[in-house]
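Undergrad: One structure is given below, represented as structure tokens, and several questions about it will come after.
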């Protein structure tokens, strides 16, 4: 089940809210857990077993870590066991086929016979809730959080349907008090509904429209240079409005239930350096990698060389976190190199003396190259697409057909709208915090009606980050 589906909007969400607000307060967390498991298990009921197992494991480890009489060695061993089991689950389901495939390629290169490969289905959202589970036990170990007061509260934190499948990555200490007591006000409910609608509009009206352009350009055998650039820009818009739209919807749905989640995007395409881009893009992941990987590795405290190594390791693992493909490793390595270079220059870019709009444009172009690795089916395909962008591959005979497909008035209008919106400093997260006037409310309701109308006419398009 996804937020932009008829089942969710017309059935699941109304039923959830109707029952939730008619329950006594003490039963609401349990109801959220039950509905979250129904939401999560809609795709595959067996996924609920894995989620429940991870939940019980980390809850028990958290209780041990937070016990007043727990010794230092016992706490250290418990933390190690919890992290090891969490990473083992994630590694098996997400990377088993990747590594066995690589092993078979190595065996075949030396004349051996490939081994049978077990087909493992990737449970949706496992990357997100595994990171949340790790942050929970680490924060208790560090003393930054106390254990959840009950298994129901912890299960609510892990499985809460707004963020369980594609984030944002929520840390327990930021939501612990809300699990015990939270306000349900008309202002919070209305702002939640508003940001949910804006996120839905981003997904349905913008991301899906840009996805049609990107799919056509990346699916072409030999696109012309201008078509390849347009396709790369369309994918940059698609992945932003798709993921930022999902994050807005998650924040909005959480507010409908009285919870407050963090802002996950802060106008990333307004960044004027790659360092600033990573302060603005997928903020929950960036801060998680900083606090739970980069700083424990030593951060920038052990000399310049160690700092560059730490940056490279974090970005390579961040790329691999997105998927078990060499493309994502290359994407992470590319950003790691750029971040390392800017760190070497004192956290400034080579073009730091240029006017701000020029810096923004150059940073956007640099991110376009990385999105090619993210979108292409393989490293070879990424290399061919980059070659096409620079005119190093002749355009194919079907380039005129591609141009006719992607340069329609509708596509050009929506691409222009995307270009304007990504440069706006005020984001939906901030805009809906103030009380909405009648004009704003009417505009949001009109967007909602338009998004629902478009949703009923187009094919099902899942959120891009569901695959991670």
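In the numbering used here, the protein residues as written are -4 to 463. Idealized CB from N, CA, C, for every residue including glycine.
1. With DSSP collapsed to three states, give me the class of residue 69.
2. Can you check which of these residues, 160, 133, 138, 155, is closest to residue 117 by C-alpha distance?
3. Only counting runs of 4 or more residues, tell me where the alpha helix (DSSP H) segments fall wholly within the region 316 to 353, in order along the chain.
4. Count the C-beta pairs between the region 172 to 187 and the region 417 to 431 that are closer than 8 Å, then say yes if the count reaches three, no if not.
5. Which of helix, strand or coil does DSSP assign to residue 299?
6. Is the separation between the beta-carbon of residue 385 and that of residue 377 shorter than 8 Å?
7. Would the beta-carbon of residue 54 fall within 8 Å of that of residue 143?
8. Between residue 209 and residue 440, what straight-line distance do the alpha-carbon atoms span, to the nearest angstrom?
9. State the CB to CB distance for the pair residue 311 and residue 328, rounded to an integer number of angstroms; the pair is presumed to be in contact (CB under 8 Å).
10. I need the straight-line Cα distance from residue 19 to residue 246, nearest angstrom please.
11. Between residue 13 and residue 239, what straight-line distance do the alpha-carbon atoms span, to the nearest angstrom?
12. Output the residue ranges of the alpha helix (DSSP H) runs that lie fully inside the region 156 to 212 and measure 4 residues or longer, sorted by chain position.
13. From residue 90 to residue 59, what does the alpha carbon distance come to, in whole angstroms?
14. Could you tell me how far apart the beta carbons of residue 309 and residue 284 are, in whole angstroms, since I believe they sit closer than 8 Å?
15. Which first and last residues belong to the alpha helix (DSSP H) in which residue 271 is found?
16. Do the region 150 to 166 and the region 213 to 223 meet, that is, are 3 or more Cβ pairs less than 8 Å apart?
17. Of all the options 204, 175, 196, 260, which has the alpha carbon lying nearest to the alpha carbon of residue 254?
18. With a cut-off of 8 Å, does the C-beta of residue 117 fall near any C-beta of chain C?
19. Short check: CB of residue 148 to CB of residue 423, under 8 Å?
20. Roughly how many angstroms lie between the CA atoms of residue 406 and residue 271, to the nearest whole one?
21. Output yes or no for whether 8 Å exceeds the beta carbon distance between residue 372 and residue 211.
22. Between which residues of its own chain and residue 412 is the CB-CB distance below 8 Å, once the five residues before and five after are set aside?
23. Round the Cβ separation of residue 450 and residue -1 to the nearest angstrom and send it over; I've been treating them as touching at under 8 Å.
24. Which residue from 334, 51, 138, 84 puts its Cα closest to that of residue 269?
25. Please classify residue 418: does DSSP put it in a helix, a strand, or coil?
26. Using C-beta distances below 6 Å, list every residue in its chain close to residue 139, excluding the 5 sequence neighbours before and after it, in chain order.
27. Helix, strand or coil: how does DSSP classify residue 9 here?
28. Could you tell me if residue 419 is buried or exposed, where buried requires 16 or more neighbouring beta carbons within 10 angstroms of its beta carbon?
29. If you count every other CB in all the chains shown that lies within 10 Å of the CB of residue 445, and 16 or more means buried, which is it?
30. Could you spell out where the alpha helix (DSSP H) holding residue 23 opens and where it closes?
31. Please tell me whether, using a cut-off of 7 Å, the distance from the CB of residue 440 to the nearest non-hydrogen atom of the ligand PLP is below it.
32. Can you tell me which of 82, 62, 5, 305 puts its alpha carbon nearest to the alpha carbon of residue 291?
33. With residue 26 and residue 156 assumed to form a contact (beta carbons below 8 Å), what rounded beta-carbon distance in angstroms separates them?
34. Does the beta-carbon distance from residue 122 to residue 316 come in below 8 Å?
35. Does residue 352 pass the burial test, meaning 16 or more other C-beta atoms within 10 Å, or should it be called exposed?
36. Please report how far the alpha carbon of residue 69 lies from the alpha carbon of residue 130, in whole angstroms.
TA: In brief:
1. helix
2. 160
3. 321 to 339
4. yes
5. helix
6. no
7. yes
8. 29 Å
9. 6 Å
10. 23 Å
11. 27 Å
12. 156 to 159, 167 to 175, 181 to 196
13. 30 Å
14. 5 Å
15. 269 to 275
16. no
17. 175
18. Looking for chain C here will not work: only one protein chain is present.
19. no
20. 30 Å
21. no
22. 201
23. 6 Å
24. 334
25. coil
26. 168
27. helix
28. exposed
29. exposed
30. 23 to 35
31. In terms of ligand content, the structure shown is empty, and the ligand PLP therefore cannot be addressed.
32. 305
33. Going by Cβ atoms, the distance from residue 26 to residue 156 rounds to 12 Å, so no, they are not a contact pair.
34. yes
35. exposed
36. 19 Å
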